[in-house]
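Residue numbers (my numbering), protein chains in the order written: chain A, 11 to 253; chain B, 11 to 253; chain C, 11 to 253; chain D, 11 to 253; chain E, 11 to 253; chain F, 11 to 253.
Here's the structure we're looking at; comments come further down.
Number of protein chains: 6
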Amino acid sequence: MARADLRRSDEMRRIQIITGYTMHAEGSVLIEVGNTRVLCNATVEDAVPSFLAGSGLGWVTAEYSMLPRATNTRSPRDISRLKLNGRSAEIQRLIGRSLRSVLDRRMLGERQIIVDCDVLQADGGTRCASITGGYVALWLACRTLVDRGLLPRIPLRGQVAAVSVGIFGGEPMLDLCYQEDSRADADCNVVMTGTGDFVELQCTGEERPFTKEELARLLALGRKGTAKLCREQRKAIGDAWNL
Amino acid sequence: MARADLRRSDEMRRIQIITGYTMHAEGSVLIEVGNTRVLCNATVEDAVPSFLAGSGLGWVTAEYSMLPRATNTRSPRDISRLKLNGRSAEIQRLIGRSLRSVLDRRMLGERQIIVDCDVLQADGGTRCASITGGYVALWLACRTLVDRGLLPRIPLRGQVAAVSVGIFGGEPMLDLCYQEDSRADADCNVVMTGTGDFVELQCTGEERPFTKEELARLLALGRKGTAKLCREQRKAIGDAWNL
Amino acid sequence: MARADLRRSDEMRRIQIITGYTMHAEGSVLIEVGNTRVLCNATVEDAVPSFLAGSGLGWVTAEYSMLPRATNTRSPRDISRLKLNGRSAEIQRLIGRSLRSVLDRRMLGERQIIVDCDVLQADGGTRCASITGGYVALWLACRTLVDRGLLPRIPLRGQVAAVSVGIFGGEPMLDLCYQEDSRADADCNVVMTGTGDFVELQCTGEERPFTKEELARLLALGRKGTAKLCREQRKAIGDAWNL
Amino acid sequence: MARADLRRSDEMRRIQIITGYTMHAEGSVLIEVGNTRVLCNATVEDAVPSFLAGSGLGWVTAEYSMLPRATNTRSPRDISRLKLNGRSAEIQRLIGRSLRSVLDRRMLGERQIIVDCDVLQADGGTRCASITGGYVALWLACRTLVDRGLLPRIPLRGQVAAVSVGIFGGEPMLDLCYQEDSRADADCNVVMTGTGDFVELQCTGEERPFTKEELARLLALGRKGTAKLCREQRKAIGDAWNL
Amino acid sequence: MARADLRRSDEMRRIQIITGYTMHAEGSVLIEVGNTRVLCNATVEDAVPSFLAGSGLGWVTAEYSMLPRATNTRSPRDISRLKLNGRSAEIQRLIGRSLRSVLDRRMLGERQIIVDCDVLQADGGTRCASITGGYVALWLACRTLVDRGLLPRIPLRGQVAAVSVGIFGGEPMLDLCYQEDSRADADCNVVMTGTGDFVELQCTGEERPFTKEELARLLALGRKGTAKLCREQRKAIGDAWNL
Amino acid sequence: MARADLRRSDEMRRIQIITGYTMHAEGSVLIEVGNTRVLCNATVEDAVPSFLAGSGLGWVTAEYSMLPRATNTRSPRDISRLKLNGRSAEIQRLIGRSLRSVLDRRMLGERQIIVDCDVLQADGGTRCASITGGYVALWLACRTLVDRGLLPRIPLRGQVAAVSVGIFGGEPMLDLCYQEDSRADADCNVVMTGTGDFVELQCTGEERPFTKEELARLLALGRKGTAKLCREQRKAIGDAWNL
C-alpha cells in the first residue's frame, strides 16, 4: 500500500525544529513535521496555580489551539462560540501531562511554565508535534532560568517526544499525515522518553477494535519514531544540550 | 502491599447494574462499582448532527458530568464558571468514541443516541463505570427502538466495557479506587470488547514513565477485568440478550 | 374529577426520605414524592459570601438543577447553552430563601452551607420536594457540625416544608403531579413552618386569575400537606430529632 | 411607626405614567412610582418562540434590567459578568406571567410582544412598577396593531397591576420604598386584575415566618393599591380606553 | 441638498443637557441632541484597576450600551447573546480615551470614575452625545468630590466635546441624524477640547475614500460644532463652572 | 531625538511580505514590519451574513487576534476569559471597514471573504500591518476565484495600506515601534488608498490634545508611509498585478 508521499511505512516525514522563532517568549520553537507547523512558546511565570501555593513545587501546563485556517476548511475561533473546542481541551491536557512526566517539580520551585502550542498549519500529527516541539520550548525556557542564575540546572529528568502511528489499509504505519489519519482503522499517539519508556499512550479504534498483536506492532513503530524525534530535539538544542 | 479494602491485586470491586433506574429515558442504568455510582441515561433523538445529515448514518455521543458533591470536596458547577470542565470534556469524548466503536451506524439510521453519564458518587474509575454502564443504557435504548418496530435488531456489533488498572506501590492492580488512583505511579483506562480486543487505551505515567513490560502486565489485568464486566452487563440485560 | 392516580383531592403522593444517600456530603438526602426524585446534598464551607465577611453571621444558599433526562424529553445542559436555566434560577432563589427563614445565622457563625438539589427524575413538585428534602439535608449537615463539636446545637429555629397545590378541573387539589400541574388553571407553591406559619407563598394564575376564596381553599390544602411533610421529615431524622 | 416620607400605612407614593416616552417602540411608557422610574418599551415581532410555531397562538414575554447606577452603589452590567442576574431572571419571569394572564393569545395570533422594562432609577417596588407600566406599554402596542388594521380589537381580557406590601415595624404597609423594603420582616408582591382577582402572589418571610392573619391584612392593602394603580393606568391611556 | 429637518449644512440639532437626572450617581446627566437621548451617570469608586494600584494615579473609564428598543428595530441584549456588541466595545473605548485626555490623573488620585452611557433613544450621533454628556457627568462627579472635601479642585484640564460630521450627497454636513448617517459617503467623529485642539479623530470612508480637501472641510465643521457644544456644557454646569 | 533603531523620523522599518505562507487558505500572507509579524489568511465562503442574503452583494470581514506570547508578557487567551478582547474588537472592525472600502461588492457577488489576522510577534503597528498584509491576502483570495473561473476579474477598486504615525518627543515620526508607541503623546493610524486618498483615520491624543498643524504633519508622514507600503504590496503580488 503506497503512501501519499511515497514514504515507507516506518518512515517519518521531514522534521525541522527552529529555536528562537519569536523574540518575547523565554523559550520559542517552530516545529515542522511534514506540512504540519506548530509554534510552541514557553512562558515562565513566578506564580503557581493555587493548589500548589506554598508547596515548593513547580508546574508545567499547556494550551493548544489551531488558527482558524490551519485546516482545509476554516474553523470558527473558540471565542466566537464561547467554548473551548473539546478536541483542544483533550489535547492540551495530554501535552501538559506529557511534559510534566519528565519535570523535576521540586527543582523548578514555585514557578509555572505555560507552553502555548498554536498550530499554524495542520496536516496530521499536530498534538504529537506540539509535544515534541513543546519539549524543546520548555527546555529553552528552563535554560533561560539557568542563564539568569535562577536555577542551578535544567529541571528536566529526560526527554519526551511523541509520534502518531496507525493501521491504514491493514498495515501499521508511522507518522500519519492528515489524509492517512482520517482513513485509519485505528491509531495511537505514542509519547515516549529518550530512553524508550512510555509516558502516555492513547490508542483509539473508533472504526474497529484492534488486537494485542496490532498494538505491539504499532508500539514498535512508535518507539522508532520517537527515538528519531529525540535525536532531532537534541540537534535543535545544539551544544547547550551537553552543558 | 495490602489494598485499602483488602482486595487481591487482580480483584474487581463489587459491581451492580440496575436497569430501568429512571422512567423517562429510552435506556436507563444505575451502575455501581464499589462506591462509585453513575447514572447513565440514553436518549434517542430523530436528528443527527449536521455533518451526518443525509448520510443515512446514525451517531452516538456522550455527556459526562459529576454532581457538585460527588466528591470529597464540593466542585462548583460548570455553569457557575461558564466552562465545561476540561476533565469532563476529555472523558466524554472517550465515552463517545468507545460506544461508537461497536455501533453499526448504518443500521441505526439517521438517529442520534445521547448517553448522559452523571456521577452521583465518585470513588475512582468513574469514566470506566460510565462506559460500562453507558453500554447497557445504549443497548436498552436500541431495544426500545426494536420494540417499537423502528429497527429490525440491536445495531451493536458487540459489547464494550472499561476498567482502570494502575501501578501502585510498584505492583499492577486492577480497578483502582480513588485513594489508590491518586497515588498511582501510572495508570491505564482499558476499553475492550467482549471478545478481548482493544477499543481504547489511555495510559498515563504522569509520576514516572513506565516500561513495555509494565504495560503488558497492566493490559493483562485490564483484559481480566473487562471480561468480568462484560459478564455483568449480560446478566443485567438478562434474557433479552439472547433474543 | 378523578386524579390520574386515583388519589383524593387532599391526598399527598407517597413520600420517602432516605438519609445518608451519598457518602461525601455533610448532609445527604434522597427524597421521593411519588415519581419525583431529588438528591439533596448539603455542603459546609468555612467561608461566607463577601457581603457577610466579618459579620459573624452564617449563610445558607441552594443550587437547583435537573439532570438532562429527568423529564420526558431531554433538556440540554446549562453549560451547553452557557446560560443558567431561568426556571432553575427562580427555583434556587426560592429554596435558599425558604431554608434561611428558619436559620439562626448568628448561631451558625461565619460558615456557608450550600444545599445542592439535583432532580434525578421529575414528575411535578420538584421545587417543593427540594425544599422539603433540602431541609433534612441542611439539618443533617448542622448535626455533623454539632457532632464535630463545632456548634453547641442545631442552628435552626424550626422546620420548613413545601407542597404544591392547584386548581385543576375547577377543584383545588393537593400535591400536583406533572400531568395535573401542566393543566392547572392556577397553582401555588406553599412553604410553611412546622407550626403552620407561612415562609413563602408563590401563586400563579397564568391561565386565568383566581379569587380570594380559591386562594383560601388552596392555602388550607397547603397547610395540610406541609404538616404531613413535616412529620415525614422528623421520621427520617429519627431519634436524633429530640436530642 | 412613621414612614420615611410621612405617608400613611395604606397610602401609595405619587404615580406618574408617561405614554409615548420613546419614539421607536410600538408601545412606550415611563412609569414613576415615588423615586422609582422604569422605562417600559413594548416591541411587536411577527414570529413566536418555536414551541408555538404553527399553533395560531401569540406570546408575551418580558425582559427586566437595571441600569448600573439605578441603585445607590453601582452594579456591574450582566455582560461584564457574563451572567444574567438571578434576581432579574426571577423578576422577568414574574412580569411575563403576569402580563400573559390577561392576554387573549388566540386573538393576538402568531405574534410575540416583548416588553422591555429598564429601571432608570430604583427606590423599591421596581418589579411592581414594571408590571404596572408594562401593562400600559403592552396595551399601547396592541393599540398600534389595531390602528394598523392588523387586529380587530385589543387582545387583552382585563387590566393587571402590581404593588408591594410588607410588614415593617410590626405593621402592614402599602407600597414600600427601598428603605422600608430592606428592613421589612415579610413582604408580598401582589399582582391583581382590575376586577380584584389575583394574578400572582409572591410573599416572602425571609426574616421570619408570617401568619395567616398577617397575610390577610397584606392582601387587603394590596387590593387597595392595585385598584388605585388600575385607575392610573386608565387615566394614562385616556379616551382610547373606552373605544 | 435639503436635510431631513431643513437644517443648514453647518447647523447643529437642538441640544439639551439636564443635570441631576438620576439621584444615586455622583454625576448624572441626560443629554438630548435632536432625538438622540443618552443617560450619562458617573460613579466614583475608591479603587483603581490593578495596573494602577499603588501608582497614585486615577482612572476614568466608560461603558456604553443601547437599550434594546433605542432603535427602530429591537436589538437583543448583550447578555442574551453572551457577547458585548462589537460596536459598543469600540465606542466605549473611544469615550474613555476622550474623557481621559483632559483628566489630571495625579490630582484625581487613586480613584476610578466610571461613566455609564446608556442610550435611551437613538437617532444618530450617540457616541458623540455620550462624550459630550459624559464630560458633564464626569465634571459633576468631580464636583461632588470637591464638595466632600476629598479634592482641592476639579481635576480636569479643560473641556471635551464631540460631534459627527459627514459627506452626504456630496456636501459636508454637521451633526448627522441617523437617516443622514446611514447614507453618508464618509463620516468623522470629531472630539475636540474647548480650545479647539483635537482629542480624537475617527474618520471612515467605507463607501468611498475621501480626499485631503474633504477632510479639511469636515474638520472645520467639527470645530464649529464642538465649540457650540462646549458652550452648552458650560451653560448646563452653570455658575459652578467659574468657581 | 534619536529613534531606538536609529531610523530617520520619516523612515519605515524593513517590510517583508511573503505570499503563500500557508497551504490551505485561498489567500495567505506573512507580513513583517520590523519585528512585527502577522499571519493574514483569507478564506472564501459561499454564504454571506444574513443581512445581505438575496442582495447579490458580497462582504469582507476581518478577525484579529494576538497569540498569547506575541507580546513581552503573556496575555491570556480570549476563550479563557470568555470575552473578546476590547482592543481586538476595535481593531478587527477597523480592518474590515478598511478592506471593504476598495471592494466592489456587486462584482464579488454573494460570497464572504474572511481575513484572519493573527499576530505571531508584536512590536507596534500590528493593526496597520494587518491591513497592509490583509489587503494582499484578500487580493490573492480574489485571484483564486478568478483562476477558478468564478469571477471575471479582481473585484477590488484599488489598493489599501496603513501605517502608524505619532508625535514622540515633540516630533512627528513615521511607523512607530512598540517602545515609541507606548510613549507617544498622540498617534494616528492612517489608512490610505494607492492614490493617496483617505480610507480611515484614527487619531488619538490620550496623553494630550494635538493641534491642527500637528495633524497636518502626521498625515503627510502617513501619506509617505502608505505609498511605500503600496509599492511593497505590488512587489509581493508580482507580475499577476498587471494582468
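Don't be surprised by glycine CBs; every beta carbon is placed ideally from N, CA and C.
If you check the CB distance, Cys127 (chain A) and Val48 (chain A) come in under 8 Å. Rounded to the nearest angstrom, the Cβ distance from Ser108 (chain C) to Val201 (chain C) is 5 Å, consistent with a contact under 8 Å. Under the 8 Å criterion on CB atoms, Asp126 (chain D) is classed as interfacial with respect to chain E. Chain F has no Cβ within less than 8 Å of the Cβ of Asp185 (chain E). Distances from the alpha-carbon of Gly64 (chain D) to those of D:Arg18, D:Arg116, D:Gln102 put D:Arg116 closest.
Beta-bridge partners assigned by DSSP to Glu181 (chain E): E:Phe178. For Val146 (chain B), there is no enclosing beta strand (DSSP E); the residue is found in the alpha helix (DSSP H) stretching over 136-157. Chain-ordered listing is empty here: chain B has no CB closer than 9 Å to the CB of Val173 (chain A), the nearest sitting near 16 Å. In the three-state reduction of the DSSP assignment, Glu36 (chain A) falls in the coil class.
In the three-state reduction of the DSSP assignment, Leu166 (chain F) falls in the strand class.
At a cut-off of 8 Å between C-beta atoms, Leu77 (chain A) counts as an interface residue with respect to chain F. The three-state secondary structure of Glu73 (chain D), taken from DSSP, is strand.
Taking C-beta atoms as the reference points, Val70 (chain A) and Val125 (chain A) count as a pair closer than 8 Å. Linking Met33 (chain E) to Gly134 (chain B) through their CA atoms gives a straight-line distance of about 57 Å. From the listed residues F:Pro59, F:Glu242, F:Gly96, F:Cys213, the smallest Cα separation to Val146 (chain F) is found for F:Glu242. Between Asp195 (chain C) and Glu217 (chain C) a beta carbon distance of about 5 Å is seen, short of the 8 Å cut, so the two are scored as contacting. Setting aside the 5 residues that flank it on each side, Arg244 (chain C) is surrounded in the same chain by Trp251, each with a C-beta closer than 7 Å to its C-beta; the list follows chain order. Distances from the CA of Arg18 (chain A) to each of A:Arg233, A:Ile247, A:Met183, A:Lys234 were compared; the closest alpha carbon is that of A:Met183. Interface annotation for the region 201-216 of chain C against chain D: Thr203, Asp207, Phe208, Val209, Glu210, Leu211, Gln212, Cys213, Thr214, Gly215, Glu216, criterion Cβ-Cβ distance under 7 Å. For Asn252 (chain F), the secondary structure class from DSSP, reduced to helix, strand or coil, is helix.
Per DSSP, the beta bridge partners of Arg47 (chain D) are D:Glu42, D:Gln131.
Under the DSSP assignment, Leu104 (chain A) falls in the alpha helix (DSSP H) whose first and last residues are 96-110. Between Arg79 (chain A) and Thr53 (chain F) the beta-carbon gap is near 6 Å, inside 8 Å, which marks them as a contact. Glu120 (chain C) and Asn95 (chain F) have their C-alpha atoms roughly 38 Å apart. Residue contact check for Leu109 (chain C) against chain B: no CB pair falls below 8 Å. Ser140 (chain D) is positioned such that its CB atom lies no closer than 8 Å to that of Tyr188 (chain D). Chain D has no Cβ within less than 8 Å of the Cβ of Asp191 (chain E). Non-local C-beta neighbours of Cys213 (chain B) in its own chain, meaning closer than 6 Å and more than five positions away in sequence, comprise Cys198, ordered along the chain.
Per the C-alpha coordinates, the member of D:Ile177, D:Glu190, D:Ile247 positioned closest to Ala230 (chain D) is D:Ile177.
Listed in chain order, the positions of the region 223-244 of chain A with a beta carbon within less than 7 Å of a beta carbon of chain B are Leu225. Judged by their CB atoms, Val156 (chain E) and Arg167 (chain E) are not nearer to each other than the 8 Å cut-off. Sixteen is the threshold: since fewer than 16 other Cβ atoms of the shown chains lie within 10 Å of the Cβ of Ala12 (chain E), the residue is exposed. Thr236 (chain B) carries a helical assignment under DSSP once its states are collapsed to helix, strand and coil. Using a CB distance cut-off of 8 Å, Leu94 (chain E) counts as an interface residue toward chain F. For Leu155 (chain B), the nearest beta carbon of chain C is not closer than 8 Å to its own beta carbon.
When DSSP states are grouped into helix, strand and coil, Met117 (chain A) belongs to the helix group.
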